[in-house]
Amino acid sequence: MLIAAVSTIVVVVAIAVLVPMAPGWDRVERSFFAGDVFTDVFDDLLGAFWLDVKIFAWSAPTIVALALLIAMARGVRSPALFPLRLFAAVYTDVFRGVPVILTIYLIGFGVPGLGLPRPWNSPLLWGSVALVLAYSAYVAEVFRAGIESVHESQRAAARSLGMSSRQTMFSVVLPQAIRRVVPALMNDFISLQKDVALVSLIGPIELLRQAEVEKSLSGNFTPYVAAAVIFLAVTIPMTRLADYLLARERRRTGATAVA
Amino acid sequence: MLRSRATVSLLLAAAAMSSIVACGDSESGDTTSASSTGSTSAGGSATTSDGSLATTAAAAQSAAECAEGKTLDDGRLVVATGSPAFPPYVMDDDPTSGKGFESAVAYAVAGEMGFDKESVEWTRSTFDQAIQPGAKNFDINLQQFSITPRRARNITFSAPYYASNQAVVGFEDSDAVGATSVSELRGLKFGAQSGTTSLGFIQDVIQPEQEAFVYNDNVGAKQALESNQIDAIVLDLPTAFFVTAVEIEGSTIIGQFPVDAGGQADEFGMVFEKDNPLVECVDLALGALRKNGTLEKITQRWMTGFADAPEIAVD
């Protein structure tokens, strides 16, 4: 404990003292850490961040629902439903394989080009759809891992009790599977929280774009630092929560940590 | 000391702030605002030129004297433009040809400062590279950087070499066609290109009812226009001419705003490494070029023919 504290203090002090001694520090400080620019732009950035929050708020539940459907589709065992399985596999392959940014460009610019009337051609709508499609592929894989981690004997037991295959899935498998993958899911949502900013590429002014606009208006990079601070204020608590959930899950399942 | 320097370098490199240079005291105090119009030159740095007062010959001489030893390499002037650079600022993306407004201005300024055509070298940079701290790989950077007081606090600008106005571009069947005053435009959905002063113009002068969208490039803006996500985009007038003629088929300039709409002209200045003493010499050169009519001639040569676009009044 003492060693950890001392070594932490030494490293932090070293950075705080040494970095400003670099010959270019004055300029870096003026370009990235200008207090006046920071206070000038912070309110605007915070206002723009509200759009990120909104996109996140409507995308995240949609992703969970769609991903669950896909994960279950990949797990269907009836031969008649094989096409469903195939579709789910192709879906995850495609959307996990394409960078999120490309999905946003292609769907965000492509679909509205079909001639949809306003407001159905809104980049906010189609940008969110692109995010949902991309993230559902990742999250579906997490759910699938969770579903497959439930031991086969549990299904056998459920079926032998007379439960239907559907009942087995919803009452026995999924409750355990979801609980197990919650920490992993948190990771994906932290990542989503940042990728929401990519929607700005097709028009809407959210935090990242607002920071870019302010950077361009002021000729100074401080708005980027301010935007990073705002993102961190949200993602760090989420990360800590994910860690906590992971630790709890580990305690619950009886695994012990080895230093 | 040497070791700690090395550590610092590593730390900074890790933080992606790669360029560390020895530099003098960087005065970060407020500098004079660089928003003058007309022929008086007010740079973004504290050094204002008196080029407009000097006689042509004397100014030319002093610009050349002034520039001596102040460039990255003695006897050579490195000028940066955009990538790609587009007409009418640079023709055919080839700044060395001297064809195109900014290419011609750069060579004229270089000439005033005693650099012949062969001593001028071109490089490319983005806006971000022009404003990032640290050593620059150019002496002068010109690519339609608008001089604003806010920017001038963080970047060193030359005196203005062009005053531009903003224009509205849309398809010929756009709702905006025929608008003669800003109030007729307020109901429209606007788009702007990221990194331009046009977005500020939309927000401050047009003040539309719906928030504008922003795109990385004209291709994005074009797609949004075609998808009817936006009704019109705002660009500086010369760029608007290029965009309507070449980049966005079927688009037209719906109107142009007065040069001083929004309180002040959108003036282009060259960008220098913060507090680069060369700015003084460039201001002298620009003053001389303005005085002897060369700047006017270059402007006439490359930046005319825009006047036909209908005017939009600002209330």
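Just so you know, the sequences run in chain order A and B. Quick note: the first sequence uses the working numbering, first residue 26, plus one each step. Quick note: the second sequence uses the working numbering, first residue 3, plus one each step. For each residue, glycine too, the CB sits at the ideal point set by N, CA and C. Remember, it's a predicted structure, so these values are computed and weren't measured experimentally.
- Of all alpha-carbon atoms in B:Phe308, B:Val316, B:Val284 and B:Glu313, the one lying nearest the alpha-carbon of glycine 113 of chain B is that of B:Val284.
- Under the DSSP assignment, asparagine 294 of chain B falls outside any alpha helix (DSSP H); it carries neither an H nor an E label.
- Under the three-state reduction of DSSP, glutamate 70 of chain B is assigned to coil, being neither helix nor strand.
- Distance between valine 179 of chain B and glycine 172 of chain B, taken at the CA atoms: about 8 Å.
- For phenylalanine 58 of chain A, the closest C-alpha among the options A:Met26, A:Pro208, A:Ser243 and A:Trp83 is that of A:Ser243.
- Considering only beta carbons, the part of the segment 202–213 of chain B lying closer than 7 Å to chain A consists of Gly202 and Glu213, in chain order.
- Cβ-Cβ distances below 6 Å link valine 250 of chain A to Phe57 in the same chain, with the five nearest sequence neighbours on each side left out; the list follows chain order.
- Between alanine 165 of chain B and valine 207 of chain B, the C-beta spacing is not below 8 Å.
- Put simply, of B:Ser85, B:Glu123, B:Pro97 and B:Ala106 the residue whose alpha carbon is nearest the alpha carbon of leucine 291 of chain B is B:Ala106.
- CA-CA distance, methionine 305 of chain B to glycine 100 of chain B, rounds to 14 Å.
- Buried is the label assigned to aspartate 77 of chain A, since at least 16 other Cβ atoms lie within 10 Å of its Cβ.
- In chain B, no part has a C-beta under 7 Å from the C-beta of isoleucine 129 of chain A; the shortest such distance is about 12 Å.
- Here glycine 180 of chain B is not bridged, per DSSP, to any residue.
- Counting the other Cβ atoms within 10 Å of the Cβ of tryptophan 145 of chain A gives fewer than 16, which makes it exposed.
- Under the DSSP assignment, alanine 90 of chain A falls in the alpha helix (DSSP H) whose first and last residues are 60–99.
- Under the DSSP definition of a beta bridge, threonine 254 of chain B partners with B:Gly172.
- The alpha-carbon separation between alanine 92 of chain A and valine 80 of chain B amounts to approximately 55 Å.
- Secondary-structure assignment with DSSP links leucine 79 of chain B through a beta bridge to B:Val122.
- In the DSSP assignment, isoleucine 142 of chain B falls within the unbroken beta strand (DSSP E) covering 142–148.
- Asparagine 156 of chain B has a beta carbon lying within less than 8 Å of a beta carbon in chain A.
- The residue from B:Ile300, B:Lys293, B:Ala287 and B:Asn294 with its alpha-carbon nearest to that of serine 160 of chain B is B:Ala287.
- Scanning chain B for C-beta atoms nearer than 8 Å to the C-beta of serine 243 of chain A yields Arg152, Arg153, Arg155 and Asn156, reported in chain order.
- Within chain A, the residues Gly228 have their CB atoms less than 7 Å from the CB of tyrosine 217 of chain B, given in chain order.
- Residue-level contact check: proline 248 of chain A does not touch chain B, since none of the beta carbons of chain B fall below 8 Å from its beta carbon.
- In the structure shown, valine 175 of chain A falls within a coil segment according to DSSP collapsed to helix, strand and coil.
- Residue environment for leucine 139 of chain A: exposed (fewer than 16 other C-beta atoms within 10 angstroms of its C-beta).
- Cβ contact annotation for threonine 296 of chain B (same chain, cutoff 6 Å, sequence separation greater than five): Ala110, in chain order.
- In this structure the segment 181–192 of chain A does not lie against the segment 125–137 of chain A, because fewer than three pairs of beta carbons, one per stretch, are closer than 8 Å.
- Straight-line spacing of the CA atoms in arginine 110 of chain A and arginine 204 of chain A works out to 24 Å.
- Against chain A, a Cβ distance below 9 Å from glutamate 249 of chain B picks out nothing, because the smallest value is about 16 Å.
- Nearest CB-CB separation between valine 238 of chain A and chain B: below the 8 Å threshold.
- As the crow flies, the alpha-carbon of phenylalanine 256 of chain A is around 26 Å from that of threonine 199 of chain B.
- Taking the Cα positions, glutamate 67 of chain B is about 7 Å away from methionine 115 of chain B.
- Under the Cβ distance rule, phenylalanine 140 of chain B does not count among the residues neighbouring chain A, no pair being separated by less than 8 Å.
- In terms of Cβ geometry, alanine 98 of chain A and alanine 113 of chain A form a close pair [threshold 8 Å].
- Residue environment: threonine 241 of chain B is assigned as buried (16 or more neighbouring CB atoms within 10 Å of its CB, all protein chains considered).
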